[in-house]
Amino acid sequence: MAVIRKAIKEPVGRKGVAYIAENAPDWLPRISRSRGDQTERLFWQAGGGYDRNVWEPKTLMSMIDYVHANPVRRGLVSRPSEWKWSSAGWFDGTTTCDLIPDRTLPEWMPPA
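Pasting the structure below:
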(Lines of atoms letter the chains of each structure in order from A and count residues from 1; the text may use other names and numbers.)
(Lines give C-alpha, C1' and ligand atoms only; values in the text may rest on other atoms or scores of the structure.)
Protein backbone atom coordinates (compact mmCIF):
# COMPACT_ATOMS: atom_id res chain seq x y z
CA MET A 1 0.00 0.00 0.00
CA ALA A 2 2.86 2.39 0.78
CA VAL A 3 4.19 2.04 -2.77
CA ILE A 4 0.79 2.84 -4.25
CA ARG A 5 0.28 5.80 -1.90
CA LYS A 6 3.72 7.17 -2.82
CA ALA A 7 3.02 6.72 -6.54
CA ILE A 8 -0.13 8.81 -6.16
CA LYS A 9 1.03 11.43 -3.67
CA GLU A 10 4.40 12.37 -5.20
CA PRO A 11 3.15 13.60 -8.60
CA VAL A 12 0.05 15.20 -7.09
CA GLY A 13 2.18 16.97 -4.48
CA ARG A 14 4.60 18.26 -7.12
CA LYS A 15 1.74 19.56 -9.28
CA GLY A 16 0.05 21.08 -6.23
CA VAL A 17 3.18 22.94 -5.15
CA ALA A 18 3.75 24.16 -8.73
CA TYR A 19 0.16 25.42 -8.85
CA ILE A 20 0.58 27.23 -5.52
CA ALA A 21 3.88 28.75 -6.66
CA GLU A 22 2.24 30.10 -9.82
CA ASN A 23 -1.17 31.12 -8.49
CA ALA A 24 -0.75 31.81 -4.77
CA PRO A 25 2.96 32.30 -4.04
CA ASP A 26 2.17 34.02 -0.74
CA TRP A 27 1.17 30.55 0.55
CA LEU A 28 4.61 29.02 -0.10
CA PRO A 29 6.09 30.02 3.28
CA ARG A 30 3.17 28.27 4.99
CA ILE A 31 4.06 24.94 3.37
CA SER A 32 7.85 25.31 3.51
CA ARG A 33 10.37 23.82 5.92
CA SER A 34 14.15 24.29 5.94
CA ARG A 35 16.34 21.20 6.25
CA GLY A 36 19.96 22.23 6.29
CA ASP A 37 20.51 24.18 3.10
CA GLN A 38 17.44 22.65 1.43
CA THR A 39 13.84 23.85 1.46
CA GLU A 40 11.07 21.25 1.51
CA ARG A 41 7.52 21.94 0.44
CA LEU A 42 5.08 20.06 2.65
CA PHE A 43 2.03 19.68 0.46
CA TRP A 44 0.55 16.76 2.39
CA GLN A 45 -0.52 16.81 6.01
CA ALA A 46 1.73 14.74 8.29
CA GLY A 47 0.56 11.30 9.35
CA GLY A 48 -0.82 8.28 7.62
CA GLY A 49 -4.43 9.31 7.75
CA TYR A 50 -7.25 6.83 7.96
CA ASP A 51 -8.04 4.51 5.11
CA ARG A 52 -10.39 1.61 4.67
CA ASN A 53 -12.21 -0.27 1.97
CA VAL A 54 -15.65 1.06 1.11
CA TRP A 55 -18.17 -1.55 0.08
CA GLU A 56 -21.47 0.32 0.09
CA PRO A 57 -22.60 3.36 -1.94
CA LYS A 58 -24.21 4.87 1.17
CA THR A 59 -20.86 4.69 3.02
CA LEU A 60 -19.06 6.38 0.12
CA MET A 61 -21.58 9.22 -0.02
CA SER A 62 -21.36 9.68 3.77
CA MET A 63 -17.59 10.00 3.49
CA ILE A 64 -17.88 12.49 0.62
CA ASP A 65 -20.46 14.52 2.57
CA TYR A 66 -18.12 14.56 5.57
CA VAL A 67 -15.29 16.00 3.46
CA HIS A 68 -17.65 18.51 1.83
CA ALA A 69 -18.66 19.76 5.30
CA ASN A 70 -15.07 20.51 6.39
CA PRO A 71 -15.07 24.18 5.20
CA VAL A 72 -18.41 24.70 6.96
CA ARG A 73 -17.07 23.23 10.21
CA ARG A 74 -14.08 25.57 9.96
CA GLY A 75 -16.40 28.57 9.48
CA LEU A 76 -15.06 29.36 6.01
CA VAL A 77 -18.47 29.14 4.31
CA SER A 78 -22.04 28.58 5.39
CA ARG A 79 -22.81 25.80 2.88
CA PRO A 80 -20.47 23.19 1.36
CA SER A 81 -21.31 24.25 -2.21
CA GLU A 82 -19.97 27.77 -1.48
CA TRP A 83 -16.42 26.43 -1.09
CA LYS A 84 -14.62 27.17 -4.37
CA TRP A 85 -12.49 24.03 -4.30
CA SER A 86 -15.30 21.64 -3.45
CA SER A 87 -17.29 19.24 -5.59
CA ALA A 88 -20.30 19.70 -3.25
CA GLY A 89 -22.11 21.92 -5.74
CA TRP A 90 -21.65 19.32 -8.46
CA PHE A 91 -23.15 16.67 -6.21
CA ASP A 92 -26.17 18.75 -5.22
CA GLY A 93 -26.60 20.36 -8.65
CA THR A 94 -26.31 23.96 -7.41
CA THR A 95 -22.97 24.90 -8.95
CA THR A 96 -20.38 23.67 -11.39
CA CYS A 97 -16.84 22.90 -10.36
CA ASP A 98 -13.48 23.00 -12.11
CA LEU A 99 -12.63 19.41 -11.22
CA ILE A 100 -15.45 17.04 -12.01
CA PRO A 101 -15.47 13.97 -9.76
CA ASP A 102 -14.25 10.71 -11.23
CA ARG A 103 -17.18 8.51 -12.15
CA THR A 104 -15.19 5.30 -11.70
CA LEU A 105 -18.19 3.64 -10.09
CA PRO A 106 -21.07 5.38 -11.89
CA GLU A 107 -23.69 3.25 -10.19
CA TRP A 108 -22.47 4.69 -6.88
CA MET A 109 -22.65 8.30 -7.96
CA PRO A 110 -25.59 10.67 -8.38
CA PRO A 111 -26.64 11.22 -12.02
CA ALA A 112 -24.54 13.70 -14.03
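One gets this note's numbering by counting positions in the sequence shown from 1 and adding 845 to each.
Ideal Cβ placement from N, Cα and C applies to all residues, glycine included.
No experiment lies behind these values; they were computed from the predicted model shown.
- Query: What do you reckon, are the CB atoms on Ser926 and Thr940 nearer than 8 Å?
  - Reply: Reading the sequence shown from its first residue, position 81 is the one you call residue 926. Reading the sequence shown from its first residue, position 95 is the one you call residue 940. Contact: yes.
- Secondary structure of Ser877, DSSP reduced to three states: Position 32 of the sequence shown holds residue 877. It is a strand residue.
- Report the rounded CA-to-CA distance for Gly858 versus Phe888, giving the unit in angstroms. As a working mapping, residue 858 is identified with position 13 in the sequence shown. As a working mapping, residue 888 is identified with position 43 in the sequence shown. Roughly 6 Å between the two C-alpha positions.
- Anticipated Cβ contact below 8 Å, Val899 with Met908, distance rounded: Translated into the one-based positions of the sequence shown, residue 899 becomes position 54. Translated into the one-based positions of the sequence shown, residue 908 becomes position 63. Separation of the CB atoms of Val899 and Met908 is rounded to 7 Å, and the pair is thereby assigned contact status at 8 Å.
- Which residues DSSP lists as bridging Arg886, in chain order: Here residue 886 refers to the residue found at position 41 when the sequence shown is read from its first residue. Ser877, per the DSSP bridge assignment.
- Message: Assuming Arg918 is part of the alpha helix (DSSP H), what are its boundary residues?
- Response: The residue labelled residue 918 in the question sits at position 73 within the sequence shown. Start and end: 915-918.
- Task: Inspect the beta-carbon positions of Glu867 and Ser877 and report whether they are closer than 8 Å.
- Result: As a first step, residue 867 must be located in the sequence shown, where it is residue number 22. As a first step, residue 877 must be located in the sequence shown, where it is residue number 32. No, Cβ-Cβ distance for Glu867 and Ser877 is not below 8 Å.
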